[in-house]
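With mature numbering (1 follows the signal peptide of the UniProt record, and there is no 0) applied, the sequence shown corresponds to residues -32 to -1, 1 to 374, in that order. Just so you know, even glycine gets a beta-carbon here, dropped at the ideal spot from N, CA and C. These figures come from a predicted structure and were not determined experimentally. First up is the structure itself, then whatever we jot down about it.
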Amino acid sequence: MKFIMRHIRFLCKAIALVIFCLSMGSCTEQYAFQTNTFENILVVQANITNELKKQEIKITRSYRLEENLPTPEKGAIVYVTDSEKNSYEFEFEDFSGLYVSSNPFQAVPGRSYQLNFSTKDGKSYSSEMETLTPVSEIQVEPKIETVDGEKGVQIRVTSFDPSSKSQFYRFEYDETYKVVAPDWKPNKLIVDPSNPGPEYTFLTVPRNNGESRICYTTKKSDDLMLISNVGLSEDRINLPIRFINIKDPVIMQRYSIIVRQYVQNLASYTYYKTLKNLSTSASLLSQVQPGFNYGNLKSNDDPNEKIIGLFEVSSISSKRIFFNFRDIFITEQHPSFFFSCAPLELLNCWDVGCGGPKIYSIVTGLGREFIFYGSQNYMERIIFVPAPCGDCTQISSNIRPLFWID
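So this is what it looks like as structure tokens:
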């Protein structure tokens, strides 16, 4: 959902930018862009799937070019109804900014669903009736490939619908990789609080259970990946969804990816295809500008009111895989760490007046992580490296994901 909302936010800002540029004609001076004309439009992102879970709906407002984030539309009454006269209530979550169903439910074949909501100012909105799309199971496999002359691992997604009823697809993925600080040590160096200077002394203290040695980073796909099999001899998917160069440190340790395939209907596919085209610089700056990208939502009070977004009921198939670097590349050299971890050694020269406080200032000012040798106080050698090399929490999170398997 996040990457789709990113495209929608981009579209709102881009329309304002294009209008401004066209009005300025030929200009050479720099200008701090601001929105001169602004339409306060509801933005809705709703996708009910065949997963049994608490479903989520996002309702926000369009925002100005100079603003950074959309504002959630709080205080709305949101519910989904189906053709069997069931009603599924949604409640707003402050921490996520989403409307979440009060109870888990799933879309089932043979029923049609409709989104209904009313804003706190009393305006009412609804969607067209939508039915669940066919289910098509996917497989995900890593393969060694060469792309543009560079060797790496290609994550490929495959699926096949012998009935050829799926045809329209949207894909997204989350990748998670393990980060191990290469120069982590079980102790850390701190300034002795009992000796505030001017001749500083240092203490070694243990770290807490290695909590800064192993971390995990998760990133989401940031593109609309759409496929149509209309007109082809068979409804088959063979999609290279993520290529990772052999030198990329994300596969240095252990890597995991979960891929989600949404089967869409023609209307949903057309909407997202148009949204993707509008999000490219080529289409935004072309002489012929497209019109408003209408979805399947409408105002029950004002048929002329514009609404951005779509209510979608789609089947989902997901697959998660794990692999280590050596599972794919048997003899190749491991990638380097995310940072150069070349150590820098400082000699203890308090006696000749090179300034203990100066050394302490360099260490803290550059965000360095101590790796040290020698006695506890007045060490003869102090060696330090960039902080991420000794503390992975500088670039990642030490919270182990619930799904992680070593």
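Residue 90 - DSSP class collapsed to helix/strand/coil = Translated into positions along the sequence shown, residue 90 becomes position 122. In this structure, residue 90 counts as coil in the three-state DSSP scheme.
Identify whether residue 366 lies in helix, strand or coil by the three-state DSSP scheme.
-> Along the sequence shown, read from residue 1 onward, the residue named residue 366 stands at position 398. In this structure, residue 366 counts as coil in the three-state DSSP scheme.
Indicate whether the contact test is met: 3 or more Cβ pairs, each with one atom in the region 200 to 218 and one in the region 261 to 268, closer than 8 Å.
-> For the pair of segments examined, the region 200 to 218 was found not to touch the region 261 to 268: the number of CB pairs separated by less than 8 Å stays below three.
If you scan the region 28 to 110 from start to end, which runs of the beta strand (DSSP E) of 3 or more residues do you find wholly inside it?
-> Runs of beta strand (DSSP E) with 3 or more residues, each lying fully within the region 28 to 110, are found at 45 to 50, 55 to 60, 67 to 69, 80 to 86, 92 to 95, listed in chain order.
If you count every other CB in all the chains shown that lies within 10 Å of the CB of residue 277, and 16 or more means buried, which is it?
-> Along the sequence shown, one-based indexing puts residue 277 at 309. The residue is buried, with at least 16 neighbouring Cβ atoms inside 10 Å.
Which whole-angstrom value describes the C-beta separation of residue 150 and residue 309, a residue pair presumed to lie in contact below a C-beta threshold of 8 Å?
-> On the sequence shown, residue 150 is found 182 positions in, with the first residue counted as 1. On the sequence shown, residue 309 is found 341 positions in, with the first residue counted as 1. About 6 Å separates the two Cβ atoms, so the contact holds.
Segment contact flag, the region 97 to 113 with the region 177 to 194, C-beta cutoff 8 Å, min 3 pairs | Result no; under three Cβ-Cβ pairs closer than 8 Å.
Based on Cα-Cα distance, which residue from 8, 146, 111, 38 lies nearest to residue 365?
-> Counting from 1 along the sequence shown, the entry for residue 365 is found at position 397. Comparing Cα-Cα distances from residue 365 to each of 8, 146, 111, 38, the minimum goes to 146.
Hey, out of 66, 143, 10, 367, whose CA is closest to residue 23's CA?
-> Within the sequence shown, numbered from 1, the residue matching residue 23 stands at position 55. For residue 23, the closest of 66, 143, 10, 367 by C-alpha to C-alpha distance is 66.
To the nearest angstrom, report how far apart residue 297 and residue 128 are at their CA atoms.
-> Locating residue 297 in the sequence shown gives position 329, where the first residue counts as 1. Locating residue 128 in the sequence shown gives position 160, where the first residue counts as 1. Distance between the alpha carbons of residue 297 and residue 128: 29 Å.
What separation, rounded to the nearest whole angstrom, lies between the Cα atoms of residue 10 and residue 137?
-> Residue numbering aside, residue 10 sits at position 42 when the sequence shown is read from its first letter. Residue numbering aside, residue 137 sits at position 169 when the sequence shown is read from its first letter. Whole-angstrom Cα-Cα distance: 26 Å.
In whole angstroms, what separates the C-alpha of residue 71 from that of residue 21?
-> Start at 1 with the first residue of the sequence shown, and residue 71 comes out as number 103. Start at 1 with the first residue of the sequence shown, and residue 21 comes out as number 53. Cα atoms of residue 71 and residue 21: separation of roughly 8 Å, rounded to the nearest angstrom.
Hey, quick one: how far does the beta strand (DSSP E) through residue 265 stretch, first residue to last?
-> Mapped onto the sequence shown, residue 265 falls at position 297. Looking at the DSSP string, the run of the beta strand (DSSP E) that includes residue 265 is 265 to 267.
Please state whether DSSP places residue 180 in a helix, a strand or coil.
-> As a position in the sequence shown, residue 180 is number 212, starting the count at 1. Looking at residue 180 - three-state DSSP - the assignment turns out to be coil, as it is neither helix nor strand.
Touch check for the region 208 to 227 and the region 114 to 122: three-plus C-beta pairs under 8 Å?
-> With the cut-off at 8 Å, the region 208 to 227 and the region 114 to 122 touch.
Over what stretch of residues does the alpha helix (DSSP H) that includes residue 242 continue unbroken?
-> In the sequence shown, the residue the question calls residue 242 occupies position 274. Its alpha helix (DSSP H) spans residues 234 to 246.
Going straight from the alpha carbon of residue -11 to that of residue 242, what length do you get?
-> In the sequence shown, the residue the question calls residue -11 occupies position 22. In the sequence shown, the residue the question calls residue 242 occupies position 274. Because residue -11 carries a pLDDT of 37, less than 50, the predicted location of this residue cannot be relied on, and no value is offered for it.
Taking the alpha-carbon positions, what's the residue 409 to residue 301 distance?
-> Given that the chain is displayed from residue -32 to residue 374, the structure contains no residue 409 and the question cannot be resolved.
Residue 219 in three-state terms, based on DSSP | As a first step, residue 219 is located in the sequence shown; it is residue number 251 there, counting from the start. Three-state result, residue 219: helix.
Same chain, Cβ closer than 7 Å to residue 55, five either side skipped, listed in chain order | Start at 1 with the first residue of the sequence shown, and residue 55 comes out as number 87. Once the five neighbours on either side are set aside, the close Cβ partners of residue 55 are 47, 49.
For the candidate residues 214, 286, 156, whose alpha-carbon lies nearest to that of residue 299?
-> Residue numbering aside, residue 299 sits at position 331 when the sequence shown is read from its first letter. Nearest of 214, 286, 156 to residue 299, Cα basis: 214.
Residue 231 to residue 283 span [Cα, whole Å] | Reading the sequence shown from its first residue, position 263 is the one you call residue 231. Reading the sequence shown from its first residue, position 315 is the one you call residue 283. In a straight line, the C-alpha of residue 231 is about 6 Å away from that of residue 283.
By a C-beta neighbour count over all protein chains shown, 10 Å radius and 16 as the cutoff for buried, is residue 17 buried or exposed?
-> As a first step, residue 17 is located in the sequence shown; it is residue number 49 there, counting from the start. Classification of residue 17: buried, given that the 10 Å Cβ count is 16 or more.
What is the DSSP secondary structure of residue 126, counted as helix, strand or coil?
-> Reading the sequence shown from its first residue, position 158 is the one you call residue 126. Residue 126 sits in a strand when the DSSP states are folded into three classes.
Do you know how far the Cα of residue 98 is from the Cα of residue 39?
-> Here the question's residue 39 lines up with position 71 in the sequence shown. Here the question's residue 98 lines up with position 130 in the sequence shown. Near 27 Å, if we compare the C-alpha coordinates of residue 98 and residue 39.
Do residue 203 and residue 197 have their C-beta atoms within less than 9 Å of each other?
-> Translated into positions along the sequence shown, residue 203 becomes position 235. Translated into positions along the sequence shown, residue 197 becomes position 229. Yes; because the gap between Cβ atoms is below 9 Å, this pair is in contact.
Check whether residue 274 and residue 7 have beta carbons under 9 Å apart = Along the sequence shown, one-based indexing puts residue 274 at 306. Along the sequence shown, one-based indexing puts residue 7 at 39. Yes, the pair counts as a contact, with Cβ atoms nearer than the cut-off.
Quick one: measure Cβ to Cβ for residue 112 and residue 227, integer angstroms, because I've assumed they're closer than 8 Å.
-> To locate residue 112, count along the sequence shown from 1; it is residue 144. To locate residue 227, count along the sequence shown from 1; it is residue 259. Going by Cβ atoms, the distance from residue 112 to residue 227 rounds to 18 Å, so no, they are not a contact pair.
Less than 9 Å separating the beta-carbons of residue 27 and residue 68?
-> For this step, residue 27 is matched to residue 59 along the sequence shown. For this step, residue 68 is matched to residue 100 along the sequence shown. Not closer than 9 Å, so no.
Report whether the distance from the Cβ of residue 51 to the nearest heavy atom of the ligand ADP is below 8 Å.
-> Looking at this structure, you won't find the ligand ADP or any other ligand, since it has none at all.
What whole-angstrom Cβ distance do residue 357 and residue 181 have, given they're in contact under 8 Å?
-> Stepping through the sequence shown from its first residue, residue 357 is reached at position 389. Stepping through the sequence shown from its first residue, residue 181 is reached at position 213. Contact doesn't hold; Cβ gap of about 11 Å is too wide.
Could you please give me the residues that DSSP links to residue 285 through a beta bridge?
-> Looking up residue 285 in the sequence shown gives position 317. For residue 285, which the question treats as bridged, DSSP gives the partners 229.
Residues in its own chain within less than 7 Å of residue 75 by CB, not counting five upstream and five downstream?
-> Along the sequence shown, read from residue 1 onward, the residue named residue 75 stands at position 107. Same-chain partners within the cutoff: 16, 17, 18, 81, 100, 281.
Got a sec? Which residues, its chain only, sit under 8 Å from residue 312 by beta carbon, not counting five neighbours each side?
-> The residue given as residue 312 occupies position 344 in the sequence shown. Cβ neighbours of residue 312 beyond the five flanking positions: 336, 351, 352, 353.
Run through DSSP, which three-state label would residue 1 get?
-> As a position in the sequence shown, residue 1 is number 33, starting the count at 1. In this predicted model, residue 1 has a pLDDT of only 44, less than 50, meaning its place in the structure is not dependable enough to derive any value.
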